[in-house]
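Presented below is the structure to which this report refers.
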Amino acid sequence: MSQIIRDITEISRCGAQYQAETFADMGLKSCHASYLLEICAHPGISQDQLASRICFNKSNIARQAAALEENGLLRRVPSLEDKRVLELYPTQKALELLPQITARLGQWEALLTQDITEEETAALEALLLRMRARAAAWMEAH
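Structure (structure tokens):
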């Protein structure tokens with residue numbers, strides 16, 4: 008495994024652990040932040056669209072959407088255009104948690120980038136965006 012992949016994987020694992028610990032008091036799992044951020048930003052997004060946007064497989068999306076609905080954080084509504092498609096809407100509870108989620112994710116990012124200059128951060132963001140686009144394209148094709 009290359010050092011880049013190893014480092015990305017380790018950062019991802021550490022981030023998941025951070026999220027699991029920091030969101031536990033909200034009743035959230037580590038993956039729920041990315042779900043709720045997208046659903047709150049795009050109310051009515053379909054489960055398939057969400058899967059594509061956050062690069063999770065559709066069965067995980069369905070399972071976690073059900074758990075979030077059960078916890079009162081989202082509503083799954085059949086689409087008016089195609090009843091087989093479920094649209095996801097945040098509840099008031101989710102909207103109230105959103106600032107806390109965003110703040111805690113911001114704290115993680117601040118920790119990771121505390122000794123990195125603004126220029127280095129901008130370059131890193133640009134490189135990661137390119138890598139993420141390639142990874143997402145692979146996911147879309149498979």
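Taking the working numbering, I'd label the letters of the sequence shown as residues 8 to 149.
Heads up, the beta-carbon is just placed ideally off N, CA and C, and yes, glycines get one too.
Coil, strand or helix - residue i by DSSP
i, result
"Ser19", "helix"
"Glu108", "In the sequence on display, residue 108 carries Ile and not Glu. Note: Ile108 maps to helix in three-state DSSP."
"Arg13", "helix"
"Glu94", "strand"
"Leu87", "coil"
"Val80", "Looking at the sequence provided, one finds Leu at residue 80 rather than Val. The answer is coil: DSSP assigns Leu80 none of H, G, I, E or B."
"His174", "As displayed, the chain neither begins before 8 nor continues past 149, which places residue 174 out of reach and without an answer."
"Gly51", "coil"
"Gly34", "coil"
"Thr120", "coil"
"Asn64", "coil"
Of the residues the options, the one placed nearest residue i, counting alpha carbons only
i, options, result
"Glu88", "Leu35, Ser41, His149 and Gly51", "Gly51"
"Leu80", "Ile12, Ala40 and Thr16", "Ala40"
"Met146", "Lys36, Asp55, Glu28 and Met8", "Asp55"
"Leu197", "Ala31, Tyr25, Met8 and Ser9", "Within the shown structure, residues of the chain are numbered from 8 to 149, placing residue 197 beyond reach of any answer."
Residue i versus residue j: straight-line alpha-carbon distance, rounded
i, j, result
"Leu104", "Leu136", "27 Å"
"Thr120", "Leu131", "10 Å"
"Gly34", "Tyr42", "14 Å"
"Leu57", "Trp115", "23 Å"
"Cys2", "Thr29", "Residue 2 lies beyond the stretch modelled for the chain, which goes from 8 to 149, so this question has no answer here."
"Glu76", "Arg82", "6 Å"
"Asp14", "Ala23", "14 Å"
"Ala148", "Ser53", "19 Å"
"Ala140", "Ile12", "15 Å"
"Ala142", "Ala72", "23 Å"
Host alpha helix (DSSP H) of residue i (start-end)
i, result
"Leu57", "Gln54 to Ile61"
"Ala143", "Glu125 to Ala148"
Residue i CB to nearest heavy atom of the ligand COA below 7 Å
i, result
"Phe63", "The model on display carries no ligand, and the ligand COA is accordingly not part of it."
Q) Does the region 46 to 57 come close enough to the region 82 to 100 to have 3 or more Cβ pairs within less than 8 Å? A) yes
Q) Taking three-plus beta-carbon pairs below 8 Å as touching, is the region 17 to 26 in contact with the region 56 to 75? A) Between the region 17 to 26 and the region 56 to 75 there are fewer than three C-beta pairs closer than 8 Å, too few to call the two in contact.
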